[in-house]
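Everything below concerns the one structure shown next.
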Amino acid sequence: MSQRTYSAKPADIKREWHIIDLNGKVLGRAASQIATLLKGKHKPMYTPSIDTGDHVIVINADKVKVTGTKEQDKMYYRHTLAGFPGGLKSTNLAKLRARHPEDIILNAVRRMLPRSALGRQMMTKLKVYAGDTHPHAAQKPATREVEA
Numbered sequence: 332m333s334q335r336t337y338s339a340k341p342a343d344i345k346r347e348w349h350i351i352d353l354n355g356k357v358l359g360r361a362a363s364q365i366a367t368l369l370k371g372k373h374k375p376m377y378t379p380s381i382d383t384g385d386h387v388i389v390i391n392a393d394k395v396k397v398t399g400t401k402e403q404d405k406m407y408y409r410h411t412l413a414g415f416p417g418g419l420k421s422t423n424l425a426k427l428r429a430r431h432p433e434d435i436i437l438n439a440v441r442r443m444l445p446r447s448a449l450g451r452q453m454m455t456k457l458k459v460y461a462g463d464t465h466p467h468a469a470q471k472p473a474t475r476e477v478e479a
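Be aware that the sequence shown starts at 332, since it is given in the numbering used here, and climbs by one per residue.
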């Protein structure tokens, strides 16, 4: 019996499209399952150093649910002046949901992926939409339910 570890080759990777509806789903639980799909950890051919993940379409991002008092207490920070004094801007979850509801999902999933070129490549396969419509019908995405 061979004791060799399988390593996926780029030619072996078959990418699928998944569509996830976040209407009434909890943010953190849904984001962790989306990150698993983007990484490819749900496949038997998962290799940590290669992007083996699938494409994920997220709809109804504006209807995602958070628990407790996170709607008012959870803060998002960004540097508009690249680290210069006075450049730090902050906003809470309620204001970000009103202005850019897609950024809530993007921030949560990005922070669950590797902080490297591989993680940035995985993020290109994530498409997030605030409403329930998307322009990816030609890819025939399969509906996937998240346990959140």
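Ideal placement from N, C-alpha and C gives every residue a C-beta, glycine not left out.
How many whole angstroms separate the CB atoms of H465 and I390, which I take to be in contact at a CB cut-off of 8 Å?
A Cβ-Cβ separation of about 6 Å places H465 in contact with I390 under the 8 Å criterion.
Can you tell which of P472, H467, N438 has its C-alpha closest to the C-alpha of Y407?
N438
Please list the terminal residues of the continuous beta strand (DSSP E) segment that includes R430.
Careful: R430 lies outside any beta strand (DSSP E), inside the alpha helix (DSSP H) at 424 to 430.
Taking the C-alpha atoms as reference points, what is the distance between D463 and V395?
12 Å
Comparing C-alpha positions only, which one of G371, L353, S338 sits nearest to Y460?
L353
Could you give the DSSP three-state label for A366: helix, strand or coil?
Judged by DSSP in its simplified three-state form, A366 adopts helix.
Identify the continuous alpha helix (DSSP H) that holds D404 and give its terminal residues.
Unbroken alpha helix (DSSP H) run through D404: 401 to 404.
Based on DSSP bridge pairs, tell me the residues matched to K458.
I388
Considering only C-alpha positions, which residue in the set R409, F415, G414 is nearest to S421?
R409
With distances taken between CB atoms, is the gap from L369 to L449 smaller than 8 Å?
no
Would D385 be called buried (16 or more neighbouring beta carbons within 10 Å of its own) or exposed?
With 16 or more Cβ atoms within 10 Å of its Cβ, D385 is classed as buried.
Indicate whether H349 and P432 have their beta-carbon atoms separated by less than 8 Å.
no
Spatial neighbours of T378 within its chain, please: CB distance less than 6 Å, with the 5 preceding and 5 following residues excluded, ordered by chain position.
S338, A339
So the beta strand (DSSP E) D463 belongs to, where does it begin and stop?
Counting along the chain, D463 falls outside any beta strand (DSSP E), and DSSP gives it neither H nor E.
With distance defined between alpha-carbon atoms, name the residue in M443, T455, I388, V397 nearest to T367.
M443
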